[in-house]
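Novice:
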Amino acid sequence: MVVHGVDRSEGPQAVDRVFAALADATRRDIVRRLLTQQEASVSVLAERYAMSFAAVAKHVAVLERARLVTKTRRGREQVVRAELGTLRSAADLLAEFEALWRSRIDRMEGLLAEEARTAPAAPPTRRDAP
Amino acid sequence: MTVLSTTPDPESLTFTIVAEFAAPPAAVWRLWADPRRLERWWGPPTWPATFAEHDLAVGGRSHYWMTGPEGREAHGWWHVTAVDEPRSLEFEDGFAHPDGTRDDAMPVTRTRVDLEATDEGCRMTGVSRFANAEQMQQLVEMGMAEGMRLAMDQMDDLLVAV
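Here you go:
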């Protein structure tokens, strides 16, 4: 399976930056808007939120550092676009699902082994010790 | 190797996983039906799950939350739509508000689980289905910041292997 998106060669810091950037509702909203309208200038984005231009610019900067968006200057405007390479595709979500389910099955297997050890043939009783 | 196969299918918006356990279907069923057992495997160690409500009967519902490292809670709900103990179950799984009511703005996944007795024990097939691509995209956006972060450690291991 091809997994693209967050560049893992940069280590956990890059991943953490993405998560930290998306942990904020305003920043998620900015990303969502950029997904539907391709691009927007910082000033157009700023009009949509009940906060100062500077505050919105700061949010955009956080997203930029996480490489979720790119910012380019066009004349007097700063144009922001979503970085689709970082925003993960449906295939990436499925990769996460796969990891989640593989880990769940590992834990199920561990529990079953524990129950087989602690209560052979009898109705299983739970014991927390490994 | 417990996991026999995984089949992510972006076109049909499904994810299928087949695993084999050295235990009979009844024992695997208990892992799903008993909330005390379920909460020991549903959430990763860093985001353990607590099931305050869990009823594996048709029409039954669950309310659970996963508690993150900084005490953050991600709430979820299940709605059980089909049960054939110990052979199969189907449920919808979505995000919840802290009081357990459904957050309808958030995506819902539908999962079917089949358990089949084998010579060694039991084969489990799980199929998760997303409603549409838009919901998947939403899960990508929200999931990364909310619940899905938990899968990252395991995912890193997987990616190293790719």
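Chains as they are written, first to last, in this note's numbering: chain A, -9 to 120; chain B, -7 to 154.
The beta carbon of each residue, even a glycine, is placed where N, CA and C say it ideally should be.
What you are looking at is a predicted structure, and each value in this text was computed from that prediction instead of being measured.
Classify glycine -5 (chain A) as helix, strand or coil using the three-state DSSP reduction.
Specialist: With a pLDDT of 40 at glycine -5 (chain A), under the threshold of 50, the modelled position of that residue is not reliable, and the figure given next carries that caveat. In the structure shown, glycine -5 (chain A) sits in coil (DSSP, three-state: anything other than H, G, I, E or B).
Novice: Along the chain, where does the beta strand (DSSP E) that runs through histidine 67 (chain B) open and close?
Specialist: 65 to 76
Novice: Report the rounded CA-to-CA distance for leucine 25 (chain A) versus valine 70 (chain A), giving the unit in angstroms.
Specialist: 11 Å
Novice: Taking the straight line between their C-alpha atoms, what separation do you get for alanine 14 (chain B) and arginine 18 (chain A)?
Specialist: Computed Cα separation, rounded: 44 Å.
Novice: Given that a residue counts as buried once 16 or more other Cβ atoms are within 10 Å of its Cβ, and exposed if not, what is threonine -2 (chain B)?
Specialist: buried
Novice: Is methionine -9 (chain A) buried or exposed, if buried means 16 or more other CB atoms sit within 10 Å of its CB?
Specialist: Confidence at methionine -9 (chain A) is low in this model, with a pLDDT of 24, below 50, so its placement is unreliable and the value that follows should be read with caution. It is exposed - the Cβ of methionine -9 (chain A) has fewer than 16 other Cβ atoms within 10 Å.
Novice: Just by C-beta distance, which residues in the segment 24 to 50 of chain A are closer than 7 Å to chain B?
Specialist: none
Novice: Starting from serine 80 (chain B), trace the beta strand (DSSP E) both ways and give me its first and last residue.
Specialist: 80 to 87
Novice: Tell me whether the beta-carbon of isoleucine 9 (chain B) lies closer than 7 Å to the beta-carbon of glycine 113 (chain B).
Specialist: Contact flag unset, no.
Novice: Taking 7 Å as the CB-CB cut-off, is leucine 53 (chain A) touching chain B?
Specialist: no
Novice: Can you check whether the C-beta of glutamate 88 (chain A) is within less than 7 Å of a C-beta belonging to chain B?
Specialist: Chain B contact via Cβ: present.
Novice: Just the C-alpha distance for phenylalanine 122 (chain B) and arginine 66 (chain A), rounded to the nearest angstrom, thanks.
Specialist: One Cα belongs to phenylalanine 122 (chain B), the other to arginine 66 (chain A), and the distance between them is close to 43 Å.
Novice: Could you say which of B:Ser120, B:Pro90 and B:Leu107 lies nearest to alanine 11 (chain B) if we only look at CA atoms?
Specialist: B:Leu107
Novice: Residues of chain A with CB under 7 Å from tryptophan 70 (chain B), in chain order?
Specialist: The premise fails here: tryptophan 70 (chain B) is roughly 14 Å from chain A at the closest Cβ pair, so nothing lies under 7 Å.
Novice: Starting from the Cα of aspartate 85 (chain B), find the closest Cα among B:Ser4, B:Ala66, B:Pro61 and B:Pro0 and give me that residue.
Specialist: Nearest C-alpha to aspartate 85 (chain B): B:Ala66.
Novice: On the DSSP letters alone, give me the boundaries of the alpha helix (DSSP H) that leucine 23 (chain B) sits inside.
Specialist: 17 to 25
Novice: Taking buried to mean at least 16 other C-beta atoms within 10 Å of its own C-beta, is valine 50 (chain B) buried or exposed?
Specialist: exposed
Novice: Could you tell me the distance, in whole angstroms, from the CA atom of valine 26 (chain B) to the CA atom of glutamate 37 (chain A)?
Specialist: Position check: residue 26 (chain B) holds aspartate in this sequence, whereas valine was assumed. Taking C-alpha positions only, aspartate 26 (chain B) is separated from glutamate 37 (chain A) by approximately 51 Å.
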